[in-house]
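Colleague: The structure under discussion is supplied below as structure tokens; questions concerning it will follow.
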Amino acid sequence: MISRLKGQHGSGIREANTYLGQKYVVADSSLIPELLQVLRDQEHFDYCVDITAVHYPDREKQFEVVWILYSFPRNERIRVKASYAEVESVPSAVPIWPTANWLEREVFDMFGIRFEGHPDLKRILLPDGWKGHPLRKDYGIIQQDQEWVQINLGIESGQ
Amino acid sequence: MTDRTTIDRTSHLELEHHEKTFLDSNELIINMGPQHPATHGVLRVILKLDGEKVLGTECVIGYLHRGVEKIAEHRTYTMFNPYVDRMDYVAAVSNGLGYCEAVEKLLNVEAPRRAQYIRVVLTELNRLASHMLWLGTHALDIGAITPLFYTFRDREEILKIFEKYCGARLTTHAFRIGGCSYETYDGFEREVKKFLDFVTPKIDEYEELLTTNRIWVERTKDVGKISAKECIALGVTGPVLRASGVKWDLRKAQPYAAYPDFDFEIPVGQNGDTYDRYIVRMQEMRQSLRIIDQAIGKIPDGPIMAKIPKVMKPPVGEIYHSIEAPKGELGYFIVSDGSTQPYRVRVRPPSFVNLQALDMMVRGALVADVIAVIGTLDIVLGEVDR
Chain D
4 MISRLKGQHG SGIREANTYL GQKYVVADSS LIPELLQVLR DQEHFDYCVD
54 ITAVHYPDRE KQFEVVWILY SFPRNERIRV KASYAEVESV PSAVPIWPTA
104 NWLEREVFDM FGIRFEGHPD LKRILLPDGW KGHPLRKDYG IIQQDQEWVQ
154 INLGIESGQ
Chain R
2 MTDRTTIDRT SHLELEHHEK TFLDSNELII NMGPQHPATH GVLRVILKLD
52 GEKVLGTECV IGYLHRGVEK IAEHRTYTMF NPYVDRMDYV AAVSNGLGYC
102 EAVEKLLNVE APRRAQYIRV VLTELNRLAS HMLWLGTHAL DIGAITPLFY
152 TFRDREEILK IFEKYCGARL TTHAFRIGGC SYETYDGFER EVKKFLDFVT
202 PKIDEYEELL TTNRIWVERT KDVGKISAKE CIALGVTGPV LRASGVKWDL
252 RKAQPYAAYP DFDFEIPVGQ NGDTYDRYIV RMQEMRQSLR IIDQAIGKIP
302 DGPIMAKIPK VMKPPVGEIY HSIEAPKGEL GYFIVSDGST QPYRVRVRPP
352 SFVNLQALDM MVRGALVADV IAVIGTLDIV LGEVDR
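If you're matching them up, the sequences are chains D and R in order. Under our numbering, read the first sequence as residues 4 to 162, first letter to last. Under our numbering, read the second sequence as residues 2 to 387, first letter to last.
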């Protein structure tokens with residue numbers, strides 16, 4: 004499968020490997036919409052297990068978005084990864100897998116990554132008016148939106 | 002209180018504008034929760050209704066958000082272990098198993114056989130406890146009070162075993178990375194066997210109360226239907242997926258711990274309705290008993306901990322490991338940067354993903370069915386919000 008993908012997309016696939024027995028593909032961000040579609044339609048990855056991100060503040064493109072996919076017919080998993088800069092937006096996978104809806108909302112909530120074409124991109128776990136995205140590395144562990152806490156909870160600090 | 006929740010969390014549901022006579026102008030928006038006994042925690046569902054009929058819903062979640070994934074980045078691998086128990090707090094043992102196995106994979110160590118058998122016994126006991134709690138509360142929501150007393154009475158026996166094993170009843174922290182930190186106590190096997198004999202007829206007793214009960218059948222048959230295709234598209238796993246006819250269980254599909262050693266069936270349903278999900282979970286309880294029965298008789302001798310370094314520094318890399326928790330696929334995606342603390346821990350919570358299907362399942366149904374569907378999805382808000 005990997006070689007087939009490489010043959011079709013050539014240099015867009017930067018790395019395709021296994022680590023500890025798990026397959027992963029690192030792709031160019033421009034290839035992502037097409038690659039995800041191909042993986043579902045032609046390679047039968049019909050179940051999107053998870054969408055998440057990792058923040059690497061030192062890299063030029065700070066965010067690595069990870070799609071974890073599973074195929075029922077093949078009983079196989081694959082991870083697709085691509086890097087995005089802070090200003091870039093990621094193509095939404097909602098048209099491909101409806102389950103991506105809440106998963107992408109959580110990534111947006113926690114990292115501030117925008118998903119292009121998402122039907123209702125807004126915060127999911129934190130309150131709508133909250134400032135900051137907690138899973139970014141520059142967000143401190145005891146940091147909070149003091150103003151929101153004071154106005155909405157009527158207390159000095161949540162700490 | 003009401004102001005606080007309405008300021009920030011406004012709904013996208015707005016009344017569609019069309020011609021109305023005074024007779025059909027009773028479309029209204031109702032808030033269910035966040036403090037509502039049938040939402041099993043602090044879940045707020047905004048319902049758009051036409052009389053009794055549900056036109057649409059929106060879930061507002063996050064009331065129990067504690068930032069578990071953020072905490073993980075600031076703790077060592079060992080220190081984070083107890084935190085996972087606090088996500089799905091009715092199945093803490095399963096959470097611990099998934100996390101420990103994920104880190105073990107990252108470290109490239111394997112727990113000794115004895116530890117793996119103990120893990121299976123405790124995890125299956127926990128699955129029983131989780132299903133019992135689900136049955137009691139789900140039946141209570143629908144109006145049957147008696148099962149709650151029965152299931153809580155019997156679940157108590159499981160919690161007693163946990164307490165004797167590790168000192169805690171709910172947030173057990175039963176396993177350590179590399180194995181188990183406690184040896185089984187004297188008489189563990191005997192007590193578990195005694196429990197099996199005690200509980201087997203009890204499950205028949207629950208079924209006697211409900212399976213052919215006319216009110217139960219009327220309230221659950223054809224309620225909250227979801228097809229296999231919809232389940233897969235929405236990423237729904239666990240008993241909900243199996244009740245829709247997909248024979249998929251991670252214990253069989255991608256076996257972990259000592260599960261390949263045991264003989265058990267994957268119960269499946271056909272209609273994907275609330276009644277089938279009930280039947281599937283009841284059968285799963287019997288299968289869990291079967292697994293425990295096989296495991297308890299032949300727990301091998303040997304060490305309970307693998308040789309792992311005191312200071313854990315997994316090599317740079319990442320891993321995704323998932324297990325079949327009582328509620329569905331529970332996954333951990335861990336990124337290691339070679340230091341003592343994980344660079345990133347992502348938890349793939351089954352309750353969170355399954356809850357997303359609520360809207361699809363209740364559209365066109367009655368308000369009373371919303372309660373039944375929330376119950377049948379078997380969500381734990383501690384895990385939804387993390």
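Glycine included, C-beta positions come from ideal geometry on N, C-alpha and C.
Please check if any C-beta of chain D sits within less than 8 angstroms of the C-beta of R:F196.
Modeller: No, because no Cβ of chain D sits closer than 8 angstroms to the Cβ of R:F196.
Colleague: What are the start and end residues of the alpha helix (DSSP H) that includes R:K195?
Modeller: Unbroken alpha helix (DSSP H) run through R:K195: F189 to L211.
Colleague: What's the C-alpha gap between R:P350 and R:V241?
Modeller: Rounded to the nearest angstrom, the two C-alpha atoms are 15 angstroms apart.
Colleague: Less than 8 angstroms between the C-beta atoms of R:T172 and R:A93, yes or no?
Modeller: In contact: R:T172 and R:A93 (Cβ atoms closer than 8 angstroms).
Colleague: How would you list, in chain order, the residues of chain D whose beta-carbon sits under 8 angstroms from the beta-carbon of R:V336?
Modeller: Per Cβ cutoff of 8 angstroms: V57.
Colleague: Could you list which residues in chain R have their beta carbon closer than 8 angstroms to that of D:Y87, in chain order?
Modeller: Within 8 angstroms Cβ-Cβ: nothing; D:Y87 doesn't reach chain R, min ~16 angstroms.
Colleague: Could you pull out every residue in the same chain whose Cβ sits closer than 8 angstroms to the Cβ of R:I8, ignoring the five residues on either side in sequence?
Modeller: In this prediction, R:I8 has a pLDDT of 41, which is less than 50 and means its spatial position is unreliable; what the coordinates show is noted afterwards. There are no such residues.
Colleague: Excluding the 5 residues flanking R:A296 on each side, which residues of the same chain have their C-beta closer than 6 angstroms to its C-beta?
Modeller: Counting only Cβ-Cβ distances below 6 angstroms, and skipping sequence neighbours, we find Y118, V121 and V122.
Colleague: Compute the minimum distance between the beta carbon of R:P240 and the heavy atoms of the ligand ADP, and state whether it is under 7 angstroms.
Modeller: Judged by which ligands are present, the structure shown has none, so any question about the ligand ADP falls away.
Colleague: Where does the unbroken alpha helix (DSSP H) through R:Y78 begin, and where does it stop?
Modeller: Y78 to V85 is the span of the alpha helix (DSSP H), which, as asked, contains R:Y78.
Colleague: How would you write the range of the beta strand (DSSP E) that R:N127 sits in, first residue to last?
Modeller: Here R:N127 belongs to no beta strand (DSSP E); instead the alpha helix (DSSP H) covers R114 to I143.
Colleague: Going along the chain, which residues of its own chain have a beta-carbon closer than 6 angstroms to the beta-carbon of R:R252, five neighbours each way excluded?
Modeller: If we look at R:R252 and ignore the five residues flanking it on each side, its Cβ neighbours are Y260 and E325.
Colleague: How is R:S12 classed by DSSP in three states: helix, strand or coil?
Modeller: Caution applies to R:S12, whose pLDDT of 47 falls short of 50 and renders its modelled position unreliable; the model cannot decide the point.
Colleague: Starting from R:H75, find everything on chain D with Cβ-Cβ shorter than 8 angstroms and list it in chain order.
Modeller: Residues of chain D passing the Cβ test: I144.
Colleague: Here's a check: name, in chain order, each residue in its chain whose Cβ is nearer than 7 angstroms to the Cβ of R:H139, leaving out the five neighbours to either side.
Modeller: Around R:H139: G376 and T377.
Colleague: Please compile the residues from chain R whose C-beta is within a distance smaller than 7 angstroms of the C-beta of D:P101.
Modeller: By Cβ distance, chain R contributes A234 and L235.
Colleague: Shorter than 8 angstroms from the beta carbon of R:K49 to some beta carbon of chain D?
Modeller: No, its Cβ sits nowhere closer than 8 angstroms to a Cβ of chain D.
Colleague: Evaluate R:G34 with the Cβ neighbour count: other Cβ atoms within 10 Å of its Cβ, from every protein chain shown; 16 or more gives buried, anything less gives exposed.
Modeller: Classification for R:G34: buried.
Colleague: Closer than 6 angstroms by C-beta to R:I143: which residues in its own chain qualify, once you throw out the five before and the five after it? Chain order, please.
Modeller: These residues qualify, in order along the chain: R220 and A373.
Colleague: Can R:L134 and R:P148 be called in contact, C-beta distance under 8 angstroms?
Modeller: No, the pair does not count as a contact, with Cβ atoms beyond the cut-off.
Colleague: Grab me the residues of R:M361's own chain with a C-beta within less than 8 angstroms of its C-beta, minus the 5 sequence neighbours each way, in chain order.
Modeller: Closer than 8 angstroms at the Cβ level, and outside the excluded window around R:M361, lie I227, E231 and L235.
Colleague: In chain D, which residues lie with their C-beta within 8 angstroms of the C-beta of R:G318?
Modeller: Simply Y22 and L23.
Colleague: Mind listing the chain R neighbours of D:W70? Cutoff is C-beta to C-beta under 8 angstroms, in chain order.
Modeller: The contacting residues do not exist; D:W70 stays about 11 angstroms from chain R at best.
Colleague: Within this structure, are the beta carbons of R:A112 and R:A307 separated by less than 8 angstroms?
Modeller: In this structure, R:A307 lies closer than 8 angstroms to R:A112 by Cβ.
Colleague: Ignore the nearest five residues each way along the sequence and tell me which others in R:D338's own chain have a CB closer than 8 angstroms to its CB.
Modeller: V317 and Y344, listed in sequence order.
Colleague: What would DSSP say about R:K308, mapped onto helix, strand or coil?
Modeller: Here R:K308 sits in coil by DSSP.
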